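Just so we're aligned, residue 0 is where the sequence shown starts under numbering that gives the first Met the number 0, counting upward by one.
Below you'll find the structure, written out as structure tokens, and then a few comments.
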Amino acid sequence: MVIKIRDLSFTYPNNHRGLIDVSLDIESGKKTAILGVNGSGKSTLLYHLNGITLPQTGSVEVLNMDVKEKNLRKIRREVGFLFDYPDHQLFSTTVYRDIKFGLDNYKYPEKQKDECIRKAARALRIEELLEYPPYQLSLGQKKKVAIAGLIVLEPSIILCDEPFSGLDGYTLIYFKELLNDWVKEGKTIVFSTHDVDLTYEWADNVIILRDGKVLKSGTASEVLTKEETYLEAGLVKPMLYDLFQDSEYKPQNIREAKEHLSKKFAY
Ligand SMILES: Nc1ncnc2c1ncn2[C@@H]1O[C@H](COP(=O)(O)OP(=O)(O)OP(=O)(O)O)[C@@H](O)[C@H]1O
Numbered sequence: 000m001v002i003k004i005r006d007l008s009f010t011y012p013n014n015h016r017g018l019i020d021v022s023l024d025i026e027s028g029k030k031t032a033i034l035g036v037n038g039s040g041k042s043t044l045l046y047h048l049n050g051i052t053l054p055q056t057g058s059v060e061v062l063n064m065d066v067k068e069k070n071l072r073k074i075r076r077e078v079g080f081l082f083d084y085p086d087h088q089l090f091s092t093t094v095y096r097d098i099k100f101g102l103d104n105y106k107y108p109e110k111q112k113d114e115c116i117r118k119a120a121r122a123l124r125i126e127e128l129l130e131y132p133p134y135q136l137s138l139g140q141k142k143k144v145a146i147a148g149l150i151v152l153e154p155s156i157i158l159c160d161e162p163f164s165g166l167d168g169y170t171l172i173y174f175k176e177l178l179n180d181w182v183k184e185g186k187t188i189v190f191s192t193h194d195v196d197l198t199y200e201w202a203d204n205v206i207i208l209r210d211g212k213v214l215k216s217g218t219a220s221e222v223l224t225k226e227e228t229y230l231e232a233g234l235v236k237p238m239l240y241d242l243f244q245d246s247e248y249k250p251q252n253i254r255e256a257k258e259h260l261s262k263k264f265a266y
């Protein structure tokens with residue numbers, strides 16, 4: 000297990016309990032969704048995984064390191080964080096400088112930096128934006144720049160807070176493919192979302208939160224195929240699950256469903 004969380008609780012200064020007795024394991028080399036309605040504690044949990052928030056009670060272990068002040072530099076070298084709003088992580092005068100920031104921070108040899116920046120920009124198809132000021136970019140472009148700034152350090156774990164919100168159809172497909180490629184390379188993706196359809200189609204493992212507590216966790220096929228789970232979590236059923244609920248055939252994605260229905264209704 001690449002992340003181990005034990006008895007983690009977190010109370011905000013106004014006494015709101017953001018997390019209550021959370022214990023979890025997150026598998027390496029998989030896409031794990033943290034799923035739940037608004038305010039269920041998804042971001043609060045994600046912030047604990049690279050020490051943006053430190054545990055008040057209980058423990059978080061990432062890559063065999065305790066998430067504690069003394070390990071944060073090493074942990075953040077391996078664990079990248081993609082915020083829901085890219086403006087939270089873009090602050091340099093040009094895209095190039097923004098991507099370079101992590102390399103400067105981790106004291107990469109000066110000679111290697113330019114090559115690393117251009118490689119990350121190529122992967123995100125933003126080479127033509129390198130001299131732009133980030134504030135002039137669209138949301139999708141900003142997300143790409145934020146991701147380039149992450150992958151330039153080649154982290155082994157990538158945490159994404161609502162990574163797909165606000166993206167148009169093709170950009171969304173592109174992001175999903177990019178994240179799939181990383182997982183094929185052995186990286187671990189942990190993402191928060193309230194999108195049940197996306198989670199049903201795309202996640203390997205799922206953690207469902209409600210009111211700061213873990214309601215269910217396991218593989219997507221274990222967790223997302225029980226009617227009562229949706230009721231307890233306050234979530235609407237995924238469209239594919241709902242559509243094929245009474246059928247023996249359970250497609251995992253729209254493409255499979257389309258093929259199945261085309262055969263069934265062919266004449
Ligand atoms: N700084 C804060 N001070 C007090 N309460 C907070 C603070 N940040 C979050 N909370 C509360 O903690 C709970 C969990 O918040 P969190 O942002 O983790 O939820 P979430 O599941 O990510 O929600 P969303 O899907 O709306 O982003 C919410 O009830 C929220 O109001």
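Glycine included, C-beta positions come from ideal geometry on N, C-alpha and C.
These numbers come from a predicted model, not from an experiment.
Pop quiz: residue i and residue j are said to be a contact at Cβ under 8 Å. What is the actual Cβ separation, rounded to whole angstroms?
i, j, result
"S39", "L208", "4 Å"
"S164", "P133", "Actually they do not touch by this definition, with Cβ atoms about 18 Å apart."
"L214", "E226", "Contact doesn't hold; Cβ gap of about 14 Å is too wide."
"F80", "I98", "With 8 Å as the limit, F80 and I98 do not qualify as a contact, their Cβ atoms being about 15 Å apart."
"L152", "Y95", "About 16 Å; that fails the 8 Å criterion."
Whose C-alpha, out of the options, is nearest the C-alpha of residue i?
i, options, result
"V78", "T224, E176, I2", "I2"
"R72", "F82, G101, S58", "G101"
"I4", "N13, Y46, L34", "Y46"
"E326", "N13, M0, K30, L171", "Nothing about residue 326 can be reported from this structure: the residues present for the chain run from 0 to 266 only."
"L34", "P12, A202, D24", "A202"
"D24", "I51, R16, N63, H15", "N63"
"E176", "L48, E231, I156, L123", "L123"
"Y107", "Y169, R76, P85", "R76"
"L138", "S155, C115, P162, R117", "P162"
"G57", "F9, E255, L260", "F9"
"L7", "L18, N14, T228", "L18"
"L197", "G211, R121, A219", "A219"
"V59", "F82, S22, H193, Y11", "S22"
"D83", "T192, A120, S246, E258", "T192"
Does the distance from the CB of residue i to the CB of residue j come in under 8 Å?
i, j, result
"S27", "T224", "no"
"A32", "Q88", "no"
"P85", "K142", "yes"
"L166", "Y199", "no"
"L234", "V36", "yes"
"I125", "Q135", "no"
"I206", "V61", "no"
"L53", "V189", "no"
"V195", "P237", "yes"
Residue i lies in the alpha helix (DSSP H); which residues open and close that run?
i, result
"K30", "Element bounds for K30: not the alpha helix (DSSP H) but the beta strand (DSSP E), 30-34."
"G57", "Taken as a continuous stretch (DSSP letters only), G57 belongs to no alpha helix (DSSP H), being part of the beta strand (DSSP E) at 56-61."
"V94", "94-104"
"L242", "238-242"
"V235", "Per DSSP, V235 belongs to no alpha helix (DSSP H) and is neither H nor E."
"T218", "From DSSP, T218 is part of no alpha helix (DSSP H) but of the beta strand (DSSP E) over 212-218."
"V195", "195-201"
Please work out which residues of its chain come closer than 8 Å, Cβ to Cβ, to residue i, disregarding the five sequence neighbours upstream and downstream, and give them in chain order.
i, result
"T93", "L129, E130, Y131, P132, P133"
"I242", "The sequence given here has Leu at residue 242, not Ile. Answer for L242: A256, listed in chain order."
Which first and last residues belong to the beta strand (DSSP E) in which residue i is found?
i, result
"V21", "16-25"
"F190", "187-192"
"N179", "First-last for N179: 168-183, but that is the alpha helix (DSSP H), not the beta strand (DSSP E)."
"S261", "Run containing S261: none in the beta strand (DSSP E); it sits in the alpha helix (DSSP H), 253-263."
"T224", "Looking at the DSSP string, T224 is not in any beta strand (DSSP E), and its letter there is neither H nor E."
"K3", "2-10"
"G79", "78-81"
"R209", "204-209"
"I125", "It is not in any beta strand (DSSP E) - I125 carries neither H nor E in the DSSP assignment."
Which residues in the same chain have their Cβ closer than 6 Å to the Cβ of residue i, if we skip the five residues on either side of it in sequence?
i, result
"V66", "G50, V59"
"F264", "none"
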